[in-house]
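Protein chains in written order, with our numbering: chain A, 488 to 780; chain B, 7 to 311.
The beta carbon of each residue, even a glycine, is placed where N, CA and C say it ideally should be.
These numbers were taken from a predicted model, which means no experiment stands behind them.
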C-alpha cells in the first residue's frame, strides 16, 4: 500500500538528505584529506592552508621514503604473524567454548557459563594482568600478544547464540550414528557456521590489527614491534628522522608531514581493502549479538 | 538426596564426558588469563615486591587504598573520569540512535548504503591513526586550525589546551563510532512491523507522532540494553585513547583513573598501589552495573541476565 506523502513529509525528506550528506562529508573528509596530502608535493603542501580537495603537485616521494623504511616492513611482518596465529587460535578456542555453551542438558553448563560471563563484568585490572604475563614468561614474546587474548567473551556469546540456532535434530542424528562431540563440532557445527565464522575473523582480525597497548607494554625489542607500535613512534613521537636523512634541514619539517600521511595510508589501506567485501556480514554479527541470554 | 545427586552426576559424566574434555582448554584459558590475575589482585592489600612474590609479600591491610583516597590526585581523577564518561554518554549515546532513525527514513537504497558504508568506515581506522590525525590536525598549522582561521578564529595549539581536551576526546569518539553504533538500532528498526506505520498514518499521525508512538516504543528494549551496558562502564573509561591524546599540559582535565594506574603501575612500578586503585575502580564498575541492571529490571522488565 502506497500512502501519499504530505507536504510536511517531503520537507522532512529533503532536510534528512541534506543532514545525512553533511554527516557523510564529516565522516569521509579527514580520510580524504590524509590521502590527498600524502600524494602532495611536500613544499606546496606546507605553503597551503585551508581545505584540501585534491593532491597538490602530485608526488610519490613520501611513499618511496615509507617503503624504504625497514621498520615498516618489519612491523607488517610481525603483525601478519600475530594475525595468522591469533585468528586460528581465537577461532579454535572461541568455537570450542561456544559449542559447549550451546549444548542442552549438561549438568555443569550453568556454573561454567557464570565463570565465563563474570569476566565480562569484572577483572583483576591492568597491573595484575601484566604481572601475570610476566610470571608466565610471556613478556618479550609475540605469544604474549596472542595467547592471553584468544577468547573475547562478547564474541563467544555471539558465536554461542548462532550455534544454538542450528537444529538440534542434526546433532542428535549424528549422535545416533555414534559421532562424538569433537566430530559434531568439527564436521557439523563449524561447516554450517561459515558466515558467522567470517564475522569472527573480521572482529578478531580488526582488533588484532589495531591493538598496540600490550605490545608497547610487554615488548622491548624493536625488531618485534607490530605495525601499530611503529606507527605510534612515527605519528606521535614524531620519529621520522630515519626517513628524512639526506634532506636539507629547511625541508625536513614539510617532508615529515607528507611522510606521516603516507604512513597512515600504507597502514590503513589493507583494512579499507577488505572492508567493502565484509560489510554485508556486519549487520549479521551485531544482530546475533543483540539477542540476549 | 545425596544418592540422587551422585546418580545424576554419574549419568551426566557418562553422557557428556567428551564435552567436558572439549571445553577444558577454554576453562584453562579463563583460569590462567582471567582468574589468575584476579587472584593476583590481592597484592592491593600487600606490600608487594617482585623478589618476595605474591604469597610472601607482607599484608598491609587497606593502606594502599587510604593512601589513594588521601592523595591530591584522587579528587581530580574521579572528577575527570566521571565527567569524560558523562559527556561521552550524553553526546555519544543518542548519536547512533539519531543516525539510525535518519537512515531508516531514507527511501533511496543506494544513498542509504553509501551513507552506511562511509559512516561505518572510521570504526575500522586504528586508534593510533585516528589520534595521529587528531594530533596533526590540532597543530597551529593543522586542518582544524585552518578551518578555525577560515571562520575568523584564532590559531591555537589545540591539544595543549586543557579546556578543549574533553570536547576533542568526545567529538572524535562520536566521529569514529557513530556509524558502527547505529547498526544495532537499524536492525531493531527493520524489525518494526510496517503495518503499525500504516495504521498510524490512517489515524492521521504525522512523522513526529509516528516516531513517538510507534518507532521509539519498538526499539526501546534495544536502547535500554545498550544504556545498561554503557552505564556499567561509566567509571571504566579506557586508557588507550587517553594515553595517546593527553600530555602533561592537559593532565588537569585529561588524566583519568586508568591512565594514572598506567603511569603509577607500569612506568613507576608501584605495583601494589596501582593494583589497589584498579581494584577500587573495578568494584565500583561492578556495583554500577548491578545497580543499573536492577533498576532496569524493575522499570522495564529488560535486563542483562
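Through-space distance from residue j to residue i, alpha-carbon basis
i, j, result
"residue 488 of chain A", "residue 199 of chain B", "Here the model assigns residue 488 of chain A a pLDDT of 44, short of 50, so the residue's position is not dependable and the matter cannot be decided."
"residue 77 of chain B", "residue 71 of chain B", "10 Å"
"residue 188 of chain B", "residue 86 of chain B", "27 Å"
"residue 778 of chain A", "residue 581 of chain A", "Low local confidence applies: a pLDDT of 43 at residue 778 of chain A is under 50, so the model's placement there is unreliable, with the coordinate-based value given in what follows. Looking at the two C-alpha atoms, the distance is approximately 18 Å."
"residue 12 of chain B", "residue 592 of chain A", "16 Å"
"residue 82 of chain B", "residue 679 of chain A", "53 Å"
"residue 534 of chain A", "residue 543 of chain A", "10 Å"
"residue 780 of chain A", "residue 639 of chain A", "Annotation note: pLDDT 33 at residue 780 of chain A (below 50); position unreliable, coordinate value reported separately. About 17 Å."
"residue 99 of chain B", "residue 243 of chain B", "15 Å"
"residue 290 of chain B", "residue 84 of chain B", "12 Å"
"residue 140 of chain B", "residue 29 of chain B", "44 Å"
"residue 540 of chain A", "residue 133 of chain B", "24 Å"
"residue 207 of chain B", "residue 117 of chain B", "25 Å"
"residue 23 of chain B", "residue 589 of chain A", "16 Å"
"residue 538 of chain A", "residue 220 of chain B", "43 Å"
"residue 576 of chain A", "residue 657 of chain A", "26 Å"
"residue 60 of chain B", "residue 704 of chain A", "21 Å"
"residue 150 of chain B", "residue 44 of chain B", "44 Å"
"residue 517 of chain A", "residue 749 of chain A", "14 Å"
"residue 26 of chain B", "residue 579 of chain A", "16 Å"
"residue 186 of chain B", "residue 103 of chain B", "11 Å"
"residue 709 of chain A", "residue 701 of chain A", "14 Å"
"residue 89 of chain B", "residue 79 of chain B", "15 Å"
"residue 260 of chain B", "residue 97 of chain B", "18 Å"
"residue 496 of chain A", "residue 181 of chain B", "28 Å"
"residue 51 of chain B", "residue 608 of chain A", "22 Å"
"residue 5 of chain B", "residue 148 of chain B", "As shown, chain B starts at 7 and ends at 311. That puts residue 5 of chain B outside it, with no answer to give."
"residue 65 of chain B", "residue 278 of chain B", "11 Å"
"residue 599 of chain A", "residue 606 of chain A", "12 Å"
"residue 297 of chain B", "residue 241 of chain B", "13 Å"
"residue 39 of chain B", "residue 707 of chain A", "21 Å"
Cβ-Cβ separation, residue j to residue i (assumed contact under 8 Å), whole Å
i, j, result
"residue 35 of chain B", "residue 637 of chain A", "6 Å"
"residue 57 of chain B", "residue 281 of chain B", "At roughly 17 Å, the Cβ-Cβ gap does not stay under 8 Å, so residue 57 of chain B and residue 281 of chain B are not in contact."
"residue 94 of chain B", "residue 176 of chain B", "5 Å"
"residue 693 of chain A", "residue 130 of chain B", "6 Å"
"residue 252 of chain B", "residue 225 of chain B", "Not quite, the Cβ-Cβ distance comes to about 36 Å (not below 8 Å), so this is no contact."
"residue 633 of chain A", "residue 562 of chain A", "Incorrect: roughly 16 Å between the Cβ atoms, too far for contact."
"residue 283 of chain B", "residue 262 of chain B", "About 11 Å; that fails the 8 Å criterion."
"residue 3 of chain B", "residue 178 of chain B", "One cannot answer for residue 3 of chain B here, as it falls past the ends of chain B, which runs 7 to 311."
"residue 741 of chain A", "residue 610 of chain A", "Actually they are not in contact, since the Cβ atoms of residue 741 of chain A and residue 610 of chain A sit about 45 Å apart, beyond 8 Å."
"residue 715 of chain A", "residue 697 of chain A", "7 Å"
Delimiting residues of the alpha helix (DSSP H) encompassing residue i
i, result
"residue 494 of chain A", "494-525"
"residue 44 of chain B", "42-46"
"residue 203 of chain B", "200-208"
"residue 694 of chain A", "681-697"
"residue 219 of chain B", "Run containing residue 219 of chain B: none; DSSP gives neither H nor E here."
"residue 313 of chain B", "In the structure displayed, chain B extends from 7 to 311; residue 313 of chain B sits before or after that span and is not available."
"residue 722 of chain A", "714-722"
"residue 98 of chain B", "79-98"
"residue 247 of chain B", "246-251"
"residue 138 of chain B", "133-144"
"residue 543 of chain A", "Element bounds for residue 543 of chain A: n/a, residue is neither H nor E."
"residue 609 of chain A", "It is not in any alpha helix (DSSP H) - residue 609 of chain A carries neither H nor E in the DSSP assignment."
"residue 166 of chain B", "Careful: residue 166 of chain B lies outside any alpha helix (DSSP H) and carries neither H nor E."
"residue 153 of chain B", "149-156"
DSSP beta-bridge partners of residue i
i, result
"residue 19 of chain B", "Answer by DSSP bridge pairing: none, since residue 19 of chain B is not bridged."
"residue 442 of chain A", "Any property of residue 442 of chain A remains undetermined from this structure, which presents chain A solely from 488 to 780."
"residue 52 of chain B", "B:65"
Across the segment 186-204 of chain B and the segment 102-112 of chain B, are there enough close Cβ pairs to call them in contact, namely three or more that are closer than 8 Å? yes
Are there three or more Cβ pairs, one per stretch, closer than 8 Å when the segment 204-220 of chain B is compared with the segment 231-245 of chain B? no
Touching by the beta-carbon criterion (3+ pairs, under 8 Å), the segment 572-586 of chain A and the segment 17-37 of chain B: yes
Decide if the segment 614-624 of chain A is in contact with the segment 256-272 of chain B; the criterion is three or more beta carbon pairs, one per stretch, under 8 Å apart. yes
Taking 8 Å as the threshold, find out whether the segment 162-169 of chain B comes into contact with the segment 547-562 of chain A through three or more Cβ pairs. no
Inter-stretch contact (C-beta, 8 Å, three-pair minimum) for the segment 625-632 of chain A and the segment 682-692 of chain A: no
Please determine if the segment 121-128 of chain B and the segment 503-511 of chain A are in contact, where contact requires at least 3 C-beta pairs separated by less than 8 Å. yes
Examine the Cβ distances between the segment 553-565 of chain A and the segment 712-724 of chain A and report whether three or more of them are shorter than 8 Å. yes
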